[in-house]
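Peer 1: I'd like to ask some things about the structure below.
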Amino acid sequence: DAEITQSPRHKITETGRQVTLACHQTWNHNNMFWYRQDLGHGLRLIHYSYGVQDTNKGEVSDGYSVSRSNTEDLPLTLESAASSQTSVYFCASSDMRGGSTDTQYFGPGTRLTVL
Amino acid sequence: DQQVKQNSPSLSVQEGRISILNCDYTNSMFDYFLWYKKYPAEGPTFLISISSIKDKNEDGRFTVFLNKSAKHLSLHIVPSQPGDSAVYFCAASLSNFGNEKLTFGTGTRLTIIP
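In order, the protein sequence lines correspond to chains R and S. My numbering applies: residue 704 is where the first sequence begins, and numbers increase by one. My numbering applies: residue 49 is where the second sequence begins, and numbers increase by one.
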């Protein structure tokens with residue numbers, strides 16, 4: 704079955720370290736997204752991509768970067784982790800065609816703690 | 049600036065009764081609205097959606113109502129079941145579909161009391 708996976712599921716790191724969260728989908732979706740979930744803020748968009756080599760900043764992109772070298776993967780990098788980036792991170796993907804497949808499918812999430 | 053707002057952080061409803069979750073938005077350019085359901089330690093899953101050209105969409109026990117003039121949408125669950133206990137997020141899109149970037153509300157935790 705096609706799916707979307709995230710790794711690791713849990714990560715503890717120290718302030719200032721570089722961290723990369725992986726997201727892999729097997730639906731062959733063109734669109735991929737990274738969100739963070741925080742109490743009182745809901746889900747906020749960090750970065751998104753509508754295809755290979757395409758990346759765009761979202762609402763809360765400072766301190767994060769992404770690259771899209773193939774259809775299946777959109778890794779999220781925290782260049783220098785800060786305590787404010789402690790959060791649960793969700794990756795999502797969707798079909799570019801819209802219509803009956805007009806929804807995003809979410810991964811299980813990565814809980815990141817920055818000490 | 050929170051463009052999509054869910055003003056009730058939590059809601060408790062008796063099993064079998066109607067659950068009504070509300071969502072308000074400020075950006076009149078939003079064209080498509082969705083509701084997602086989230087269980088603990090899982091990713092959100094799509095529940096139901098509505099285009100701005102409609103005022104109602106039904107799917108089984110779930111109905112979404114849209115009032116464009118009031119910039120308000122609501123999700124009705126009838127009858128409520130224990131498995132409906134979850135956090136519900138409303139989301140809005142500037143496009144005609146929900147496959148492009150979304151703006152989410154802060155969520156409402158629904159608890160169904162047996």
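In this text, a Cβ means the ideal position worked out from N, Cα and C, and glycines have one as well. Computed from a prediction, not measured in an experiment: that's the story for all the values here.
To the nearest angstrom, how far is it from the Cα of S/Asp-132 to the Cα of S/Thr-154?
Peer 2: Rounded to whole angstroms, S/Asp-132 to S/Thr-154 spans 18 Å at the Cα level.
Peer 1: Would you decide whether R/Asp-798 is buried or exposed? Buried here means 16 or more other CB atoms lie within 10 Å of its CB.
Peer 2: Under this definition R/Asp-798 is a buried residue.
Peer 1: Do you know how far the Cα of R/Glu-775 is from the Cα of R/Trp-730?
Peer 2: Rounded to whole angstroms, R/Trp-730 to R/Glu-775 spans 8 Å at the Cα level.
Peer 1: Here's a check: name, in chain order, each residue in its chain whose Cβ is nearer than 6 Å to the Cβ of R/Val-769, leaving out the five neighbours to either side.
Peer 2: His-750, Thr-758, Leu-777 and Leu-779, listed in sequence order.
Peer 1: Provide the residue(s) that pair with R/Tyr-738 in DSSP beta bridges, ordered along the chain.
Peer 2: Looking at the DSSP assignment, R/Tyr-738 forms a beta bridge with R/Leu-748 and R/Phe-793.
Peer 1: List the residues that DSSP assigns as beta-bridge partners of S/Gln-62.
Peer 2: DSSP, once it has assigned bridges, lists S/Ile-161 as partnering S/Gln-62.
Peer 1: Compare the C-beta of R/Ser-797 with all C-beta atoms of chain S and state if any pair is closer than 9 Å.
Peer 2: With 9 Å as the cut-off, R/Ser-797 counts as an interface residue toward chain S.
Peer 1: On the CB-based measure, 16 or more other CB atoms within 10 Å of its CB, does S/Gly-102 come out buried or exposed?
Peer 2: Looking at the sequence provided, one finds Lys at residue 102 of chain S rather than Gly. Counting Cβ neighbours within 10 Å, S/Lys-102 comes out exposed, since fewer than 16 surround it.
Peer 1: Please classify S/Asp-103: does DSSP put it in a helix, a strand, or coil?
Peer 2: It is coil, neither helix nor strand.
Peer 1: Going by CA-CA distance only, name the one from S/Glu-90, S/Leu-82 and S/Lys-86 that's closest to S/Ser-99.
Peer 2: Nearest C-alpha to S/Ser-99: S/Leu-82.
Peer 1: How would you write the range of the beta strand (DSSP E) that S/Phe-78 sits in, first residue to last?
Peer 2: S/Phe-78 -> no beta strand (DSSP E), and no H or E assigned at all.
Peer 1: Can you say whether R/Met-735 is buried or exposed, counting buried as having 16 or more other CB atoms within 10 angstroms of its CB?
Peer 2: Counting Cβ neighbours within 10 Å, R/Met-735 comes out buried, since at least 16 surround it.
Peer 1: Since R/Pro-811 meets chain S, which of its residues come closer than 9 Å, beta carbon to beta carbon?
Peer 2: Correct list: Ala-89, Glu-90 and Gly-91.
Peer 1: Find the nearest neighbour of S/Lys-116 within the set S/Ser-76, S/Gln-50 and S/Ile-125, judged by alpha-carbon distance.
Peer 2: Answer by Cα proximity: S/Ser-76.
Peer 1: To the nearest angstrom, how far is the alpha carbon of R/Ala-705 from that of R/Gln-728?
Peer 2: Using only the alpha carbons, I get a separation of about 7 Å.
Peer 1: Would you report the Cα separation of R/Arg-747 and R/Trp-737, rounded to the nearest angstrom?
Peer 2: Rounded to the nearest angstrom, the two C-alpha atoms are 8 Å apart.
Peer 1: Excluding the 5 residues preceding and the 5 following S/Phe-152 in the sequence, name in chain order all residues of the same chain whose CB lies nearer than 7 Å to its CB.
Peer 2: The answer, listed in chain order, is Val-52, Phe-137 and Ala-139.
Peer 1: Helix, strand or coil for R/Gln-728, going by three-state DSSP, please let me know.
Peer 2: In this structure, R/Gln-728 counts as strand in the three-state DSSP scheme.
Peer 1: Residue ranges of each beta strand (DSSP E) run of no fewer than 3 residues wholly in the segment 104-137 of chain S, ordered along the chain?
Peer 2: For the segment 104-137 of chain S, whole beta strand (DSSP E) runs of length 3 or above, ordered along the chain, are 104-107, 110-115 and 120-125.
Peer 1: Any beta-carbon of chain S closer than 9 Å to the one on R/Glu-892?
Peer 2: This structure does not reach residue 892 of chain R, given that chain R is present from 704 up to 818, and the question cannot be answered.
Peer 1: Would you verify that the beta carbon of R/Arg-747 is, or is not, closer than 9 Å to some beta carbon of chain S?
Peer 2: With 9 Å as the cut-off, R/Arg-747 counts as an interface residue toward chain S.
Peer 1: Rounded to whole angstroms, what is the Cα-Cα separation between R/Asn-773 and S/Ala-134?
Peer 2: The straight-line gap from Cα to Cα measures roughly 34 Å.
Peer 1: Checking the sheet assignment: what are the DSSP bridge partners for S/Asn-147?
Peer 2: Answer is none; S/Asn-147 lacks a bridge partner.
Peer 1: Spatial neighbours of R/Ser-783 within its chain, please: C-beta separation below 6 Å, excluding the five flanking residues on both sides.
Peer 2: The answer, listed in chain order, is Gly-719.
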